[in-house]
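**Q** For the sequence shown, the numbering used here begins at 1439 and goes up steadily by one. Here a beta-carbon is modelled for each residue, glycine too, at the ideal position from N, C-alpha and C. Note that this is a predicted model, so its numbers are computed, not measured. Below: one structure in structure tokens.
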Amino acid sequence: MEQIVKDNTQHLQTLENDFYRHEAQCEERWKTCFYRLEELDKSMRRIESRMIVMGGTVIMFLAGLVVTLSQMGV
């Protein structure tokens, strides 16, 4: 009986150590994931601002083209 308790205690300690190791690894992975998500968010904002500028440029070009064509009488 005493041996069974000792074996169970050792097994429990092993499981507890494995759990703490797993918990530390998961925490590091989450930190890495959050860092990468922040970098992706910055990149998406940069892309979005470029698209807005490009859209404004295209609209201004087309408006200028319409005005020019309307003045030519076409």
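Rounding to the nearest angstrom, what Cα-Cα distance links H1449 and V1443 in this structure?
**A** Roughly 10 Å between the two C-alpha positions.
**Q** Is G1502 helix, strand or coil by DSSP?
**A** Three-state DSSP puts G1502 in a helix.
**Q** Can you grab the Cα-Cα spacing for the pair R1441 / D1479, in whole Å?
**A** For clarity, residue 1441 is Gln in the given sequence; the question names Arg instead. C-alpha separation (whole angstroms): 56 Å.
**Q** Assign L1482 to one of three DSSP states: helix, strand, or coil.
**A** Contrary to the premise, residue 1482 reads as Met rather than Leu in this sequence. M1482: helix per DSSP, three-state reduction.
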